[in-house]
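Numbering (the UniProt record's numbering), first residue to last: 1 to 613. Contents: one structure, followed by commentary.
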């Protein structure tokens, strides 16, 4: 009796048929990384990483709209400076903790295991902050609860920095890496704008309750008449709504991050698992036909600088290139070597003898940083970020403290009717900060295609120094010149060059410059240094209350910018070649000396080419 055969559809990829275990470790590595290089611009990676970064920016900068509301409801328009300083510093200190701890954990246990965990912390903190209460008859301290939840929120915010940046860098083809990282950073000013728009919508939506009170009526918890009580309740609802909405994009991002596999660089360089790397490789095959990149064929120079055999164990290999057939797509659009066997007997003796990347250890880290001289890379990325954030967060996180003076208004919110004070503050933030920041980030994405990150950073510091002189002088002479419009315009231009320059590049460079085994850890240290600069900026801002003092402070910022420019020029790692094209991560992982060797070879080759013409 003949039994008819049934052919079941296959819903998986048979990796054993597409992966020859007789290949050496270096050949397997080249095969997997070739799929990364052949993929197109990772829009999905950018979105998934960016939506989390948007959440971080929303939570950080929403405080500029929440504090005026808290001021009106609980302090009759005069918010104590020490409380604002406490909330700001709590957020920044929490960020430092999250950046260092989660950076280390991501190198130890994997990027994917940590990716999403930090968002749970952010969601819990957003909801805790939004529901903070004084209790019955002031049985609890509202300020203490707000500061506590901002500290917890900071941990989640900080953790997202190394994870989002490094995952994007490790999933990006070399030619698109800088632009993908800049596109992720674009979500920061976008989150800042959304935070202000949400506050604007909440204020406008509750206008009937906020603007209906008499000018002499208190809109605070001490109000005794019905309009005042209703106004206070409404403004209290508004700030809680704005704070709670910060959890929404975090939930969306957490769901989407379940779709992201582990980084192939982590699998290959830290786990040394070529089978798992082959599974992760299929993610890139699904992004784009591996034979083309957005209609472009793979350039031969994408596979230059194949790792050579060395003695230090840093990404060393045989120097072998993949056979050409391995780079050609088959009928299903995947690159499979024509000589791949359909079966295997496991690793060969040759593979077992292949050198593998060094594994993380204290001795290896000491060797990488101090014996090999790469401590200067970490020093430059950390100090540049510190200098940048010292000025950026002084102006950005405290904008509600001095932006009113740009528009000729009193910084005390008790001097205006509640609705006018709130809606005016939100409109002024959009006009003076958000527009310039968005334009600057959009321009940065384009600039990454034409200029190296180090060059953009150096010129950004210099241009900001010149702008600070202008804005500072305008503030000093404000009582006599009344140049409010000029201050607003130049302040907006400052925001543009922050994001076109060092605010974006300090986010990008640490994600490229370090080896896989320490990439998240050293990125976290660099980012935490930035937040340390932010904390110092918060302390300085408490001493700067008058226009004249603020103007002098801005002029003194020129020194900070000049130091940043000098560090960018002489110590910051150059992650592009002499033509401005990004270098491969495996080449950058070998450190400063290897970068210099490659640059010297490129300049010699360029000089030879010119002589032949």
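Where is the CB? At the ideal position from N, CA and C, for every residue including glycine. All figures in this text were calculated on a predicted structure; none of them were measured in a lab.
- Residue 174 is not a Cβ neighbour of residue 184, given a cutoff of 8 Å.
- Around the beta carbon of residue 81, a 10 Å sphere encloses fewer than 16 other beta carbons of the protein chains shown; the residue is thus reported as exposed.
- Residue pairing by DSSP places residue 582 opposite 576 in a beta bridge.
- Taking 8 Å as the cut-off, the beta carbon of residue 473 is found no closer than this to the beta carbon of residue 403.
- Every unbroken stretch of the alpha helix (DSSP H) spanning 4 or more residues and falling wholly within the region 56 to 102 is given here in chain order: 63 to 75.
- Burial check for residue 141: the Cβ neighbour count within 10 Å stays below 16, so the residue is exposed.
- Under the three-state reduction of DSSP, residue 448 is assigned to coil, being neither helix nor strand.
- Closest in C-alpha terms to residue 248, from the list 104, 610, 159 and 127, comes 127.
- In this structure, residue 566 keeps its C-beta atom at 8 Å or more from the C-beta atom of residue 500.
- In the structure shown, residue 219 adopts coil according to DSSP, grouped into three states.
- As the crow flies, the alpha-carbon of residue 237 is around 22 Å from that of residue 57.
- Per the C-alpha coordinates, the member of 431, 458, 79 and 171 positioned closest to residue 560 is 458.
- Here DSSP, grouped into helix, strand and coil, assigns residue 213 to coil.
- The DSSP-derived three-state label of residue 115 is coil.
- Contact check between the region 511 to 518 and the region 577 to 590: three or more CB pairs, one atom from each, fall below 8 Å, which counts as touching.
- By the neighbour-count definition (other C-beta atoms within 10 Å, threshold 16), residue 523 is a buried residue.
- Three or more beta-carbon pairs separated by less than 8 Å link the region 438 to 456 to the region 177 to 194, which places the two stretches in contact.
- For the alpha helix (DSSP H) assignment, the uninterrupted runs of no fewer than 4 residues enclosed by the region 365 to 397 are, from N- to C-terminal side, 375 to 396.
- Across the set 171, 256, 191 and 246, the C-alpha of 171 shows the shortest separation from the C-alpha of residue 264.
- Going by C-alpha positions, residue 240 is about 19 Å away from residue 424.
- Selection 68, 26, 435 and 60 evaluated against residue 421 yields 68 as nearest (Cα-Cα).
- Annotation: residue 435 to residue 492 spans about 7 Å, alpha carbon to alpha carbon.
- Distance check between residue 416 and each of 530, 573, 210 and 246 places 210 closest, using alpha-carbon atoms only.
- Fully enclosed alpha helix (DSSP H) runs of no fewer than 4 residues occupy 177 to 185 of the region 162 to 191, in order along the chain.
- In the three-state scheme derived from DSSP, where H, G and I count as helix and E and B as strand, residue 42 is classed as coil.
- Secondary structure of residue 122 (DSSP, three-state): helix.
- The three-state secondary structure of residue 431, taken from DSSP, is helix.
- Separation of residue 507 and residue 527 (C-alpha to C-alpha, rounded to the nearest whole angstrom) is 8 Å.
- Contact between the region 86 to 97 and the region 147 to 165 is present: three or more C-beta pairs spanning the two stretches fall below 8 Å.
- Counting along the chain, the unbroken alpha helix (DSSP H) around residue 454 starts and ends at 453 to 476.
- Per the coordinates, the alpha-carbon of residue 266 lies some 18 Å from the alpha-carbon of residue 101.
- The beta carbon of residue 502 lies closer than 6 Å to those of 388, 457, 460 and 461 in the same chain, with the five residues before and after it left out.
- Between the region 131 to 138 and the region 158 to 168 there are fewer than three inter-stretch CB-CB distances shorter than 8 Å, so the stretches are not counted as touching.
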